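In the working numbering, the protein residues as written are 1 to 398. Note that CB positions come from ideal geometry on N, CA and C, so glycine has one too. Being a predicted model, the structure only gives us computed values, none of them experimental. Shown next, in structure tokens, is the structure this report addresses.
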Amino acid sequence: QTSGIAVAVGQRVCLCLNTPAARYLSSQIRRRKPPRYLTMKGNGATSNTRIQLAILVVLTLQNASVPLMMRYARTSESVPYCVPLLVVIQEVIKLVASIFLLAREVGLGSLLSTIQTEIIGRWDMTLRLAVPACLFFLQNNCMQLANTYLPAAVFQVTYQGKTFIVALLSVLMLGSRLERFKWLGIAGLAAGVSLVNVSNSSDTKSREGGAAELIQGLFYVITAACCSGFANVYFEKMVKTAETVNTDGTEAKKPSLWVRNIQLATFTILLGLPVIRFAPTFDIDDPFRGFNPMVIGLAFNNSLGGLLVALIIKYGDNILKGFSNAISTVLATVVSIPLFGFKTGIHFAVGVVLVIWSTMVYGRMIQFKSEWWNVVMFAPPSPSPKNGVGLQTVKVSN
Numbered sequence: 001q002t003s004g005i006a007v008a009v010g011q012r013v014c015l016c017l018n019t020p021a022a023r024y025l026s027s028q029i030r031r032r033k034p035p036r037y038l039t040m041k042g043n044g045a046t047s048n049t050r051i052q053l054a055i056l057v058v059l060t061l062q063n064a065s066v067p068l069m070m071r072y073a074r075t076s077e078s079v080p081y082c083v084p085l086l087v088v089i090q091e092v093i094k095l096v097a098s099i100f101l102l103a104r105e106v107g108l109g110s111l112l113s114t115i116q117t118e119i120i121g122r123w124d125m126t127l128r129l130a131v132p133a134c135l136f137f138l139q140n141n142c143m144q145l146a147n148t149y150l151p152a153a154v155f156q157v158t159y160q161g162k163t164f165i166v167a168l169l170s171v172l173m174l175g176s177r178l179e180r181f182k183w184l185g186i187a188g189l190a191a192g193v194s195l196v197n198v199s200n201s202s203d204t205k206s207r208e209g210g211a212a213e214l215i216q217g218l219f220y221v222i223t224a225a226c227c228s229g230f231a232n233v234y235f236e237k238m239v240k241t242a243e244t245v246n247t248d249g250t251e252a253k254k255p256s257l258w259v260r261n262i263q264l265a266t267f268t269i270l271l272g273l274p275v276i277r278f279a280p281t282f283d284i285d286d287p288f289r290g291f292n293p294m295v296i297g298l299a300f301n302n303s304l305g306g307l308l309v310a311l312i313i314k315y316g317d318n319i320l321k322g323f324s325n326a327i328s329t330v331l332a333t334v335v336s337i338p339l340f341g342f343k344t345g346i347h348f349a350v351g352v353v354l355v356i357w358s359t360m361v362y363g364r365m366i367q368f369k370s371e372w373w374n375v376v377m378f379a380p381p382s383p384s385p386k387n388g389v390g391l392q393t394v395k396v397s398n
């Protein structure tokens, strides 16, 4: 269902751009087979499709607006706001929203018992979520600091490198085996990000630090990407290795996504409070110094992003997320030109197209006719004694 939405929206976006690269992407997208749900009858498929389309639109706008709002907030005020305090505020918003959504899901009368059973009763699982919560807190701080030194468009493209981190960590931590087309997407993503960062792009908000400012910004954005990638893979591994059977032999109930959001937000708040106290930009006499309407809006926008992640897990898939990232990258770049006077060259343009193409290849929005691309690389050798020493490839179906 999600792939059908991606195909429809993708073709319209590519036709609107009307560039050789966009026309090529449009022709590649068109080669996908129409999803079966387009021929299904009934209100269920239509309702689910509308939900996914709404998530796609909101997620794309949210992803594109984050670097733009961060860049504006970090460079418009002469007195900087306290970044850790902003991160804690957005987690408080997300915590309140998650409690409200959990109450709607289980009923107000069962809210306290659900929290008692799933969060307090399973304290060992709750404590394990402190690791991704700590990483998400560091990630959010680094994203804010990166936009102090990097143009919004450069940050947005470079941050897509988290896909590269997730793929590598999935292989190392989860034992995942990737097909050749995914390795091609990873290689293209790395090349595209490299081209973007050697393009000498700048905007009117750029400082005079030159190479030193660029290196500092890249350090923050790479750290944010690594934290995001590791936290997501760790969380996936934790879910896969969690107990599926209770002590009495009954099947364990899968916890609500809003319960997970409550756990993560609570740990992030607890971790962030002591950091706020010792942050150099925190003024105990005026803790909300520098909090203008844009900064407050940024807190709500970032909280919305955290809630959308849960909705993607429930209603969408990697194709929806990957396609949203591709569109938001283009959108953030285009808006940066009039908003910040963004200036760039051919290296940046080629890098952006390569990143978008690689993202779509990795998410299977662009597929190759040859089955050779669908062969798993670096698969473990077969236990059969007839096989020789070495690695064996295993073919997987679409």
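In this structure, residue 159 sits near residue 225, with a CB-CB distance shorter than 8 Å. By the criterion of a C-beta distance shorter than 7 Å, residue 171 is surrounded in its chain by 178, once the five residues flanking it on both sides are discounted. Residue 153 is positioned such that its CB atom lies no closer than 8 Å to that of residue 328. For residue 73, the number of other beta carbons within 10 angstroms of its own is at least 16, and it is reported as buried. With 16 or more other CB atoms across the displayed protein chains lying within 10 angstroms of its CB, residue 265 is buried. Scanning its chain for C-beta atoms nearer than 7 Å, with the 5 sequence neighbours on each side dropped, one finds around residue 65 the residues 301, in chain order. A distance below 7 Å between beta-carbons, with the five flanking residues on each side excluded, links residue 135 to the following residues of its chain, in chain order: 227, 230, 231. The straight-line gap separating the alpha-carbon atoms of residue 92 and residue 308 is approximately 16 Å.
Taking residue 166 as the centre and dropping the five residues before and after it, the same chain places the C-beta of 229, 232, 233 closer than 7 Å to its C-beta, in chain order. Around the beta carbon of residue 293, fewer than 16 other beta carbons lie within 10 angstroms, which makes this residue exposed.
Going by DSSP, residue 274 is part of the alpha helix (DSSP H) stretching over 257-277. Residue nearest to residue 95 within the set 133, 83, 75, 110 is 133 (criterion: CA-CA distance).
Under the three-state reduction of DSSP output, residue 76 falls in the helix class. Closest in alpha carbon position to residue 150, among 201, 124, 129, 108, is 201. Residue 359 is positioned such that its CB atom lies no closer than 8 Å to that of residue 168. Comparing alpha carbon positions, the residue from 175, 191, 71, 145 closest to residue 332 is 71. At least 8 Å separates the beta-carbon of residue 262 from that of residue 88. Taking C-alpha positions only, residue 340 is separated from residue 203 by approximately 6 Å.
Under the three-state reduction of DSSP, residue 198 is assigned to coil, being neither helix nor strand.
Under the three-state reduction of DSSP output, residue 377 falls in the strand class. Counting every other CB atom within 10 Å of its CB across the protein chains shown gives residue 198 a total below 16, marking it as exposed.
Residue 314 counts as exposed, since fewer than 16 other beta carbons sit within 10 angstroms of its beta carbon. In this structure, residue 81 sits away from residue 345, with a CB-CB distance that is not shorter than 8 Å.
DSSP places residue 343 within a strand segment (E or B) once states are collapsed to three. With contacts defined as CB atoms closer than 8 Å, residue 98 and residue 357 fail to qualify as a contacting pair. Around residue 196, the same chain offers 154, 157, 158, 347, 348, 351, 352, 355 as residues with beta carbons nearer than 8 Å, after the five sequence neighbours per side are excluded. Taking a 10 Å sphere around the C-beta of residue 162, we find 16 or more other C-beta atoms and assign the residue as buried.
260 is the residue among 260, 374, 185 whose C-alpha sits nearest the C-alpha of residue 114.
By a beta-carbon distance limit of 8 Å, residue 69 contacts residue 298. Their separation comes to about 5 Å.
Per DSSP, residue 104 is one residue of the alpha helix (DSSP H) stretching across 83-106. Nearest in C-alpha terms to residue 288, of all of 128, 343, 236, 79, is 79. Scanning 238, 295, 121 for the CA closest to the CA of residue 90 turns up 295. For the pair residue 279 and residue 84, the CB atoms are nearer than the 8 Å cut-off. Using a Cβ distance threshold of 8 Å, residue 342 and residue 130 do not count as a contacting pair.
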